[in-house]
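In the order they appear, the protein sequences are chains A and B.
Residue numbering for the first sequence follows my numbering, starting at 191 and increasing by one per position.
Residue numbering for the second sequence follows my numbering, starting at 191 and increasing by one per position.
Protein chains: 2
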Amino acid sequence: MSEPLLLMTPGPTRVPERVLRAGARPMIHHRTPEFSQVLGAMIEGLKPVFGTREPVLPVHTTGRGAMEAAICNLFSPGDAVAVCCNGKFGEMWAELAQVYGLVVYRISTDWNRSATSNDVDEAFGSNPRIKAVLVAYCDTANGVRNDIEGIARVARQRGRLVLVDGVSALGGMPFSFDEWGVDLAVTASQKCLMSSPGLAFVVLGERAWSATKTARMPRSYWDFAEIRKHVTKARPETPGTPPVHIVLQVAEALALMQEEGLEQVYRRHEDMADLARRGVAELGLSLQCPDLDAFSSTVTAVALPAAIPPKALRDAIKRRGILTAAGLGIFEPGGFRIGHMGDIRPSDVTRTLGAVKQALDELSVTAR
Amino acid sequence: MSEPLLLMTPGPTRVPERVLRAGARPMIHHRTPEFSQVLGAMIEGLKPVFGTREPVLPVHTTGRGAMEAAICNLFSPGDAVAVCCNGKFGEMWAELAQVYGLVVYRISTDWNRSATSNDVDEAFGSNPRIKAVLVAYCDTANGVRNDIEGIARVARQRGRLVLVDGVSALGGMPFSFDEWGVDLAVTASQKCLMSSPGLAFVVLGERAWSATKTARMPRSYWDFAEIRKHVTKARPETPGTPPVHIVLQVAEALALMQEEGLEQVYRRHEDMADLARRGVAELGLSLQCPDLDAFSSTVTAVALPAAIPPKALRDAIKRRGILTAAGLGIFEPGGFRIGHMGDIRPSDVTRTLGAVKQALDELSVTAR
C-alpha cells in the first residue's frame with residue numbers, strides 16, 4: 191500500500207502507531223477484570239481532559255449521537271432552550287433539539303464571531319422559560335472558540351443549565367468543567383484523543399443529574415443514569431457490550447498524553463494554531479473568523495478569494511499527500527479547513543503550509 | 191502478556207489475526223474514495239449473510255441499540271406489538287418497546303421452548319390492533335432457534351410486520367430475509383461476524399420502509415432513511431463519522447467468510463453445535479431447552495444440577511484458559527453457556543468439553 195495521507199482534518203485524525211497496536215490486541219471479553227481495569231484507567235485518564243472529578247460516561251456513539259443523548263436525558267418535549275448558532279455544530283444542537291420537540295431560540299447567529307456571555311445573558315433575561323443554553327466550545331466550521339467560562343458564569347447567575355459540545359476541542363485545549371460550572375459536556379474519541387471514531391464521552395454535573403430525573407424523553411440505550419450505575423461500580427463496566435478495541439485505543443492514547451503532559455499538549459496545539467494562522471496570512475489568505483481573541487487551537491478555517499475554487503485547491507494539496515477538509519455550511523463555497531489536533535506536530539503544519547503554497551502556485555499557473 | 195483466554199462466549203467472540211490487522215491499518219478519512227470502497231464492499235458482503243438484495247444499513251451502535259432504533263423508526267407511541275418472550279432477548283424487545291410507549295403483548299413466554307408460528311398466529315387473530323411481532327432468531331439465554339420462516343409466513347397472511355433480532359445468529363446460521371418475507375432484521379459485528387463490538391447492521395423490506403413514513407417517534411442519529419440515503423450513493427458513505435476501524439475489520443471478516451464459503455461456515459457451526467450438545471449429554475448434563483428441532487447452531491445453554499454452583503464451575507474452566515458465559519435471566523442460578531460462533535472450530539469445542547469434564551471432576555473432589 192502507498193504512504194497514507196497526512197490527515198490535517200478536524201477529525202478523524204491520525205492514530206499513533208502505539209494506539210493502533212493497542213487496538214489490535216486479541217479480543218478481551220467485556221465482563222472480565224482485565225477489561226474493567228482498562229475501562230477504569232480510561233475513565234480516570236479522561237477526568238483531567240474534562241477538568242472534572244465527576245465520572246466520565248463512555249457512550250457508544252458519535253459526538254453527535256452523544257449530543258442527541260444529552261437532549262433525551264435532560265429535557266421533555268416543549269422545554270425551551272437557547273442555542274448559540276454561530277457555526278455548524280451550534281446549528282446541529284438546534285436541529286437535534288427541534289427533532290425532539292424542544293422550543294429553540296437561536297442566538298448569536300453570526301458565523302464570523304464567537305458566542306459571548308452577553309449574547310446568552312440577553313436571551314436568558316428576555317425569556318425566563320429558557321432552561322438551558324447549548325453551545326459548542328470550538329466550532330470547526332469557523333475555528334471559533336466560544337467563551338464557555340463566561341457563558342457558564344451567566345448560566346449560574348441566572349439558574350439555567352449550560353451544555354457544551356467539546357468534541358473538537360477537549361484534549362487539545364484547556365477545559366475546566368468543575369471550576370467553570372458547566373452542567374454537561376461531550377467529547378469523542380477521534381479528534382484530540384487520537385483514536386478511532388467509535389466512542390463518545392459525557393460528563394454531567396449535579397444540576398444536570400437533577401434534570402435527568404424529571405426529563406420525560408424516552409431513552410434506554412443511552413440512558414446516562416444507567417451508564418453511570420455501571421461505570422461507578424468497584425469493577426467498572428458498561429450496560430451493554432462496549433467497543434472493546436476503541437476503549438483499548440483511547441486508554442493508550444491517554445497514556446501518551448500523560449507522558450507528554452497535558453499542559454504541554456495544550457501548548458503544542460497553541461503553537462500549531464499560531465503557526466497555521468501566521469502561515470495563512472503570509473500566503474495572503476484570510477480567516478473565516480477574524481476575531482483574534484476567540485481562536486480555537488485545533489482548527490484553522492481559511493477563507494478563499496472567489497478566484498480560487500476550494501475543491502481544486504484541496505485536490506492539489508492532496509496530490510502532495512495531505513488531506514485537508516472542505517469548508518462547512520455557509521463556508522463551503524469559499525473556504526477550506528486545516529485541522530491541527532491530536533497526533534499532529536508543528537512540522538506537520540509547516541509541511542501543510544508548504545503544500546498550500548505550492549497548490550496556490552499550481553492553480554494560478556493552470557488558470558493562466 | 192499471557193496467552194489470551196479462548197472465548198467460548200456468545201459474543202464478543204475471538205477476532206482472527208487477519209481481522210485484527212485490518213483494524214490496525216493507518217486511519218483513513220471517512221470522506222475519501224478509499225473508505226467508500228471498503229464500506230461498499232462490507233455492505234455487499236453482508237447481503238448474503240442477511241439473504242437479501244436490499245441495502246444493509248450500518249448503524250453505529252450495539253445490537254440492542256439497533257433494536258431500539260428499529261422501534262423508533264417504525265412505530266408511534268400507543269402502537270401495539272406482540273413480542274415472543276421466550277428468552278432474554280425477546281424480553282429485551284419487550285422492554286425497549288415499553289420504554290417507547292408501545293402497547294406490548296407478551297406471547298410465547300416459556301423459556302424452555304421455541305416460539306412458533308402458531309403462538310404468533312393466535313396473538314394476531316385475537317388482536318387486530320397488533321401491528322407487528324418482535325422476535326429473536328436465536329436467543330442465547332436458552333440456545334433456541336425460533337421459527338422465523340413460519341412466523342414471517344403468518345405475518346404475511348395477516349398483513350402484519352415481523353422484526354427479527356438476528357444478532358447471535360446471522361453469519362452462523364442460514365437466514366433468508368427476502369425469501370421468508372421478513373420486514374426488518376438486525377445483527378452486529380462482534381458475534382458470527384468475527385469482529386470487534388462497535389457496529390450493528392439493519393435491513394428493512396418495503397413494508398418496513400412504508401412504516402417509517404408514518405412513525406412519529408423522534409430520531410435523528412439512527413434515522414434509517416437518512417442512513418439509506420447515504421449508503422446507496424454511487425460512492426457509499428454514512429451520515430456521520432463511522433467507526434472506521436470496525437468497518438475495516440468487518441470487511442476483512444466477510445472476506446474470510448467468503449473464502450471459506452458461507453454454506454461451509456453454516457455447516458461448521460452445525461457441526462460444532464452437534465459436538466457441543468452430544469458432549470454435554472455425555473457429561474450427564476442437560477440443556478435449558480430440550481426442544482430438539484429448535485436448536486441454534488451458535489450457542490449451547492447448559493442446565494446444571496443444584497449441587498454444581500455455576501460460578502465455581504466456570505472459574506475452574508477459566509483456570510484452564512477458556513472463558514464460558516454465565517446463564518442469563520432465569521437460567522443464571524442454574525446454568526452456564528458455551529458459545530460456538532464465528533472464528534471457532536470443532537477442535538475448540540472439543541477442548542472446551544475436556545475442560546468442562548476436568549472442572550466437574552475438580553468440583554466433585556473439592557466438594558467431598
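Each residue gets a CB set at the ideal place from its N, CA and C atoms; glycine is no exception.
Fair warning: this is a prediction, and the values are worked out from it, not measured in the lab.
Nearest residue (CA-CA) to residue i, options the options
| i | options | result |
| --- | --- | --- |
| aspartate 337 of chain A | A:Val239, A:Val376, A:Lys278, A:Asn308 | A:Asn308 |
| glycine 235 of chain B | B:Leu452, B:Arg418, B:Asn263, B:Gly356 | B:Leu452 |
| valine 426 of chain B | B:Ala260, B:Gln448, B:Ser226 | Looking at the sequence itself, residue 426 of chain B is proline, so the reference to valine does not match. Of B:Ala260, B:Gln448, B:Ser226, the residue nearest in Cα terms is B:Ser226. |
| valine 421 of chain A | A:Gln548, A:Val392, A:Glu396, A:Gly529 | A:Val392 |
| arginine 346 of chain A | A:Ala326, A:Glu396, A:Ser298, A:Cys382 | A:Glu396 |
| methionine 217 of chain A | B:Ala545, B:Leu394, B:Gly544, B:Gly532 | B:Gly532 |
| phenylalanine 485 of chain A | A:Glu258, A:Cys328, A:Pro248 | A:Cys328 |
| alanine 466 of chain A | A:Glu339, A:Leu383, A:Ser537, A:Gly230 | A:Ser537 |
| isoleucine 417 of chain A | A:Ala272, A:Asp269, A:Thr431 | A:Thr431 |
| methionine 447 of chain A | A:Met384, A:Ala493, A:Lys419 | A:Met384 |
| proline 429 of chain A | A:Leu292, A:Arg468, A:Val249, A:Pro499 | A:Val249 |
Cβ of residue i within 9 Å of any chain A Cβ
| i | result |
| --- | --- |
| methionine 531 of chain B | no |
| threonine 242 of chain B | no |
| tyrosine 456 of chain B | no |
| histidine 435 of chain B | yes |
| methionine 447 of chain B | no |
| leucine 444 of chain B | no |
| glycine 519 of chain B | no |
| glycine 525 of chain B | no |
| serine 537 of chain B | no |
Residue i, DSSP secondary structure in three states
| i | result |
| --- | --- |
| threonine 428 of chain B | coil |
| threonine 540 of chain A | helix |
| phenylalanine 265 of chain A | coil |
| threonine 404 of chain B | helix |
| lysine 547 of chain A | helix |
| isoleucine 520 of chain B | helix |
| arginine 558 of chain A | With a pLDDT of 48 at arginine 558 of chain A, under the threshold of 50, the modelled position of that residue is not reliable, and no figure is offered here. |
| arginine 208 of chain B | helix |
| methionine 462 of chain B | helix |
| leucine 292 of chain B | coil |
| aspartate 590 of chain A | The structure shown has nothing for residue 590 of chain A, since chain A only spans 191 to 558. |
| alanine 471 of chain A | helix |
| leucine 553 of chain A | helix |
| methionine 363 of chain A | strand |
| alanine 214 of chain B | coil |
| alanine 496 of chain B | coil |
N-terminal and C-terminal residue of the beta strand (DSSP E) that residue i is part of
| i | result |
| --- | --- |
| proline 248 of chain B | 247-249 |
| leucine 374 of chain B | 374-378 |
| glycine 529 of chain B | 525-529 |
| phenylalanine 391 of chain A | 390-394 |
| aspartate 355 of chain A | 351-355 |
| valine 344 of chain A | Counting along the chain, valine 344 of chain A falls outside any beta strand (DSSP E), though it belongs to the alpha helix (DSSP H) covering 338-348. |
| alanine 270 of chain B | 270-274 |
Bounding residues of the alpha helix (DSSP H) (the contiguous stretch that carries residue i)
| i | result |
| --- | --- |
| lysine 237 of chain A | 223-240 |
| arginine 507 of chain A | Before going further, note that residue 507 of chain A is isoleucine rather than arginine in the sequence given. Isoleucine 507 of chain A -> alpha helix (DSSP H) spans 500-508. |
| lysine 419 of chain B | 414-421 |
| lysine 566 of chain B | Outside the shown range of chain B (191 to 558) lies residue 566 of chain B, about which nothing can therefore be said. |
| isoleucine 436 of chain A | 434-450 |
| alanine 313 of chain B | 307-316 |
| glutamate 369 of chain B | 367-370 |
Below-9 Å beta-carbon distance, residue i vs any chain B residue
| i | result |
| --- | --- |
| leucine 473 of chain A | no |
| leucine 258 of chain A | According to the sequence provided, residue 258 of chain A is glutamate. The question's leucine does not apply to it. Closer than 9 Å: yes. |
| alanine 231 of chain A | no |
| valine 546 of chain A | no |
| glycine 253 of chain A | yes |
| arginine 204 of chain A | yes |
| isoleucine 528 of chain A | no |
| leucine 195 of chain A | yes |
| valine 222 of chain A | Correcting the residue identity first, residue 222 of chain A is threonine in this sequence and not valine. Judged by the 9 Å Cβ criterion, threonine 222 of chain A is in contact with chain B. |
| arginine 211 of chain A | yes |
| proline 248 of chain A | no |
What residues from the segment 483-516 of chain A come within 7 Å of chain B, judged by C-beta to C-beta, listed N to C? Leu513
Report the residues of the segment 262-289 of chain A with a CB closer than 8 Å to any CB of chain B, ordered along the chain. Glu285, Leu286, Val289
Along the segment 406-429 of chain A, what residues have a CB closer than 7 Å to any CB found in chain B? Pro408, Ser410, Tyr411
Below 7 Å between beta carbons is the criterion; list the residues of the segment 379-401 of chain B that meet it against any residue of chain A, in chain order. Gln380, Ser386, Pro387, Gly388
Output needed in chain order: residues of the segment 314-345 of chain A with a Cβ under 8 Å from some Cβ in chain B. none
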